[in-house]
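Engineer:
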Amino acid sequence: MVQCIAPAALLLAAVVTLELTAPAAGIGDDVVARAHVHALDGAWTLTNEARGLQLAGRVPGGVYSDLRAAGHLPQDIFYRFNDRDYRWVGKENWTYERSFQAPGEAVGKAKQVLVLHGVDTVADVYLNGHLLGHTDNMFLRYRFDVKGVLKEDAPNLLEVRFTSPVQAARARAAEQAKQYVVPPECPSPSYRGECNVNLLRKMQASFAWDWGPAFPSMGLWKNVTLEAYDEAVLREVGFSAQPAATGTAWDASVRVHWEAGVGAGGAASSGVLAVQLTSTDGVLIFASEEVPVTLVPDAQGLGHTDVKLTVPQGAVQRWWPQGYGSPYLYRLTVTLRSLGPSLRTRGGVREADVWDQVAVKVGFRTVELVQEEVVPGDKTKGLTFYFRVNGVPVFAKGSNWIPAHVLPELGADPGVVGHLLHSAKEANMNMLRVWGGGVYESDTFYQLADELGIMIWQDLMFACAMYPVGDDFLRSVDAEVRQQHRRLNHHASIVIWAANNENEAALRGNWYSTTGPLFEQYHRDYVKLYVDTARAAARDEGVAVPFAVSSPSNGVESESEDFLAQNPYSPLYGDDHHYDYVSDAWNPAVFHNTRFGSEFGFMSWPGRATLLEATDAEHADEDLALGSGLADHRQHHPGGNLEMVLQALQHLPLPGRFNDSQHFDTFIYYSQIYQAMATKTEAEFLRRSRYTLSAGGEGQSMGALYWQLNDVWQAPSWAGIDFAGRWKMLHHYAVDFLAPLIVSPHVEGDALHVDVVDDAAGTSARPQDVQVRTDVLAMDSFSPRAQRVDAWTRASPRAYTASLADLLARAGCMSDSRWGCIMRFRIMSTNGTQLGPDNFLWPRSPKDTPMPTTRIQVTDIRGPLPGTAHQRWDFSLRLAASSPAAFVWLEAGPLRGRFSRNGFHVAEPAALRLRFHTDETVTAEELDRYLTVTALNGARSKQTNAACKHSQSTLTALVLFTILIFYQQCPRHFS
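Counting with mature numbering (1 follows the signal peptide of the UniProt record, and there is no 0), you get residues -26 to -1, 1 to 949 for the letters of the sequence shown.
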């Protein structure tokens, strides 16, 4: 199939008029009515000429969404094997069209511009049969001057003719190959994806990833508008602020991007620009002097004006990340009006003629990425890598964000985005990394991050590949970086931009056979794209936050090696991505002692209720088994299911016939236990290493961002929240291991070390002297076999070190004991109040810890009650166990929601009061009917979970041996 290409002149016109400006309207409090903007959203027509299809379409929207809504795709796109069966959609060409009458307000205006705020991806745009231009970058807004083409007195026909992205990528790869191949040509076969996505400026994950399906999307995924005006309009407002040298004020910079109604060389419009800063409830804080401006635009009619403000420091509060203070925000309103008073009056009062007005929310804060010698004067020990916000070193805690949906038009759903970000906040996260294989997220995402105090590490959209560096491609990237920076740079939450995900490591590590005669070519391309183009564009726009060229990377050390370090994973510099699926991840000795862990993680399966949304009653028994065709099809990480088997066998009593459907729920449960425990262990290791520095210079870590927060479909992945929004055990554990104050035990040899990690160290936020209480419990009784209380002060993170064997012997927990033991750790104030979450330690693997069967009772289910988390409703319930219970896991069947605690150990006889948070309208009786409770050593009522049998068959041992041989070299995870 031949790619549609615009004539050279029109293609150039399309390139130079790429939309580098603000969306027509904001979201939430940032919305300002703008009379010159006319929406062309809503009902369109979608056609496929080759198939003779014509159906109703929607804008914003996409081809898959519209085909599904019209019934041409009979089941949900994620039903069973539909990612394969519906692939034909992405391999064909489609056209969106609509007829519209020019609005009366637009008729006769000097400037008439068609704006496509998001086109996915390769398309030609026609108005009334005239080719306006070509699009090939879904991250850009495209603007087309339609003066003279727009009919003002008759219907207009607007058409956007899409070329299959699969075919377009293939054609570009073939053309590129005439010079040299830009790898990888295709993803791993296990991805079940499409090839050459790196040749397109498109969401890279839309062609599949090791955690997601291939849905090569097409569509107008953002708004389409007609803009008509005479004098000028505002486009975007940038904001940054630094404390003045005097220390008594903020020096704030406001960059106002505008478009004049006349072209270059015409009579320039003159107007007045005014800036107001108010509290979010409308109280005036600061008003600038009115600035006269003469709007002299560039060749595309664009320009900007800088306004400097001096805001008294006492007039505003600083924006702080979560855990360090409140994320104060202010409303910045920019007004552009004519010089003279208007002849119109409103309410009898003469007023200026306002041309346009834009409002954004801003925060006052400083951000630095500190890369200094760890040991001053000794370069061999490496450099620090941490964020200093408002002068305070911040340990970054959180996760990595992938698109909320594989179809980009559905990824900005406010309910989904809100649930995920609120869930991140509730898990004590202060940073999310927006991964470079997805999309620049919606305004909703960044505004909510601002409000919640969640810092954003923002990747540019390049991931796990080499990329072409032709002139057209680089021009498109330059425009993309400028547009996204202008759109986003007023957000207080964005604290760093990074040019790509893993491409420095991929090039140096020869992931895609780049070592060879073309290595230097790829190296030159790398520098040309990310340094000479992307970073240069960002700097030219005045980036007010740090910029990293890659992740992982050695930071400034990589720069000194021509941006390609010999070892991008060096623990002495920059950030690190660490994956190891064979070593025992419950043992912290296997982890990288890095400066900043920006990716690490482990896989698990989502629960049955979520998986049932991908099948039906007819196929459920067949599909929901580890050995099923669907389980194999949904696992896109090479060897991923076998890796999870190996991991479970390390610590959990995996049933012999684990592939069977009767054991699938047990395997899901075990995979989530292993994932939660492994991620907990690595996150705590990184948090503890903040206080350590080895003789070789390793340590002083200042970041722990695990992979990954969310999912794009119902499948095994690294996510802590599944596609249905249900929290996996991992996210429940994150609430505790990312808490501001934790006690963290770990074992080295026979030495038990118990540390206290406190984000508020050096402040007076908590009492200076606290106690660490250690209980050793046998699994048959709530009465501790041994107990110790140790004083802890802020002078050192170490609370105590003791012989583990001696402590266990004193408790009678040695090998001759009938029941195994578990250790519980708490931080207590001197008056007996618990200050942080419980922590625990298994002296032996759970599979080697004999446990009696416990009986778990759930009583007193009440509700619905007003919600106490971000969900609307709560239900209250009491849970008690007859003896200590391990990894207690509650599920509510098809009900969507989550429990206030889950995956926990019951270590006291008193009943626990729990809550179930949900947005669904259900009754207490329904919750009771669907509620199941499982523990490693028991279950609700008298039923005994299969896990209690602690049996492993000869088959299991054989599988273990086979896996160990097969995985001598661990397949890595490419995020």
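Even for Gly, the Cβ is constructed at its ideal location relative to N, Cα and C.
I need the straight-line Cα distance from arginine 144 to leucine 173, nearest angstrom please.
Structural biologist: CA-CA distance, arginine 144 to leucine 173, rounds to 8 Å.
Engineer: Hey, out of Arg818, Ala898, Arg846, whose CA is closest to arginine 836's CA?
Structural biologist: It is Ala898.
Engineer: What is the DSSP secondary structure of tyrosine 707, reduced to helix, strand or coil?
Structural biologist: helix
Engineer: I'd like the list of long-range same chain contacts for leucine 886, defined as Cβ closer than 6 Å, with 5 residues on each side in sequence excluded.
Structural biologist: Leu853
Engineer: Can you tell me whether aspartate 780 is helix, strand or coil according to DSSP?
Structural biologist: Here DSSP, grouped into helix, strand and coil, assigns aspartate 780 to helix.
Engineer: What does a CB cutoff of less than 8 Å around serine 39 pick up in its chain, not counting 5 residues either side in sequence?
Structural biologist: Arg32, Gly193, Leu381, Glu383, Leu384
Engineer: Look up arginine 836 in the DSSP assignment and give the residues it is bridged to.
Structural biologist: Ser850
Engineer: When the Cα of serine 803 is compared with those of Met797, Ser663, Trp766, Gln458, which residue comes out closest?
Structural biologist: For the residues Met797, Ser663, Trp766, Gln458, the minimum Cα distance to serine 803 belongs to Trp766.
Engineer: Use the C-beta contact count for methionine 788: other C-beta atoms within 10 angstroms, 16 or more gives buried, fewer gives exposed.
Structural biologist: Methionine 788 should be labelled exposed.
Engineer: From glutamate 657 to asparagine 805, what does the alpha carbon distance come to, in whole angstroms?
Structural biologist: The question names glutamate, yet the displayed sequence has alanine at residue 657. When rounded, the distance between both Cα atoms is 30 Å.
Engineer: If you draw a straight line from the C-alpha of valine 207 to the C-alpha of alanine 289, how long is it?
Structural biologist: 30 Å
Engineer: Taking the alpha helix (DSSP H) that residue 953 belongs to, which residues open and close that run?
Structural biologist: Shown here, the chain extends from -26 to 949; a query on residue 953 therefore has no answer.
Engineer: Does the Cβ of serine 373 have 16 or more other Cβ atoms within 10 Å, making it buried, or fewer, making it exposed?
Structural biologist: buried
Engineer: Spatial neighbours of aspartate 902 within its chain, please: CB distance less than 7 Å, with the 5 preceding and 5 following residues excluded, ordered by chain position.
Structural biologist: Ile835
Engineer: Classify tryptophan 816 as buried or exposed, calling it buried when 16 or more other Cβ atoms lie within 10 Å of its own Cβ.
Structural biologist: Its Cβ being crowded by 16 or more others within 10 Å, tryptophan 816 is buried.
Engineer: Which residues does DSSP pair with tyrosine 774 in a beta bridge?
Structural biologist: Val728
Engineer: With a threshold of 6 Å on Cβ separation, who are the neighbours of leucine 132 within its own chain once the five nearest residues in sequence on each side are excluded?
Structural biologist: Arg72, Leu101
Engineer: Would you decide whether proline 542 is buried or exposed? Buried here means 16 or more other CB atoms lie within 10 Å of its CB.
Structural biologist: buried
Engineer: Which same chain residues end up closer than 7 Å to leucine 258 when comparing Cβ atoms and leaving out the 5 residues on each side of it in sequence?
Structural biologist: The residues are Gln250, Thr252.
Engineer: With a 10 Å radius around its C-beta and 16 neighbouring C-beta atoms as the bar for buried, classify valine 368 as buried or exposed.
Structural biologist: buried
Engineer: Counting C-beta neighbours from all protein chains within 10 Å, is the total for glycine 245 16 or more, i.e. buried, or is it exposed?
Structural biologist: Its Cβ being crowded by 16 or more others within 10 Å, glycine 245 is buried.
Engineer: Within this structure, are the beta carbons of phenylalanine 338 and arginine 292 separated by less than 8 Å?
Structural biologist: yes
Engineer: Could you check if proline 139 is buried or exposed, using at least 16 other CB atoms within 10 Å of its CB as the buried criterion?
Structural biologist: buried
Engineer: May I have the straight-line CA-CA distance separating glycine 411 from phenylalanine 570, to the nearest angstrom?
Structural biologist: 21 Å
Engineer: Can you tell me whether lysine 282 is buried or exposed, with buried defined as 16 or more other CB within 10 angstroms of its CB?
Structural biologist: exposed
Engineer: Give me, in chain order, the residues of the same chain whose beta-carbon lies closer than 7 Å to that of valine 285; leave out the 5 immediate sequence neighbours on both sides.
Structural biologist: Same-chain partners within the cutoff: Ala223, Trp224, Ala226, Leu251, Phe260.
Engineer: CA-CA distance, serine 243 and glutamate 233?
Structural biologist: 11 Å
Engineer: Look up glutamine 28 in the DSSP assignment and give the residues it is bridged to.
Structural biologist: Thr21
Engineer: By the three-class DSSP mapping on this structure, what secondary structure does threonine 767 have?
Structural biologist: strand
Engineer: Starting from the C-beta of serine 312, find all residues in its chain whose C-beta is less than 6 Å away, skip the five residues before and the five after it, and write them out in chain order.
Structural biologist: Gly245, Asp327
Engineer: Look at the Cβ atom of lysine 196, then the Cβ atom of proline 34, and state whether they are nearer than 8 Å.
Structural biologist: yes
Engineer: With a threshold of 8 Å between beta-carbons, can tyrosine 500 be considered close to chain B, or not?
Structural biologist: Reference to chain B is not applicable here, since this structure consists of a single protein chain.
Engineer: Give the secondary structure of histidine 720 by DSSP, where H, G and I count as helix, E and B as strand, and everything else as coil.
Structural biologist: strand
Engineer: Is tryptophan 687 helix, strand or coil when you go by DSSP?
Structural biologist: coil
Engineer: Whole angstroms are fine: how far does the CA of glutamine 150 sit from the CA of asparagine 484?
Structural biologist: 20 Å
Engineer: Excluding the 5 residues preceding and the 5 following proline 388 in the sequence, name in chain order all residues of the same chain whose CB lies nearer than 6 Å to its CB.
Structural biologist: Thr418
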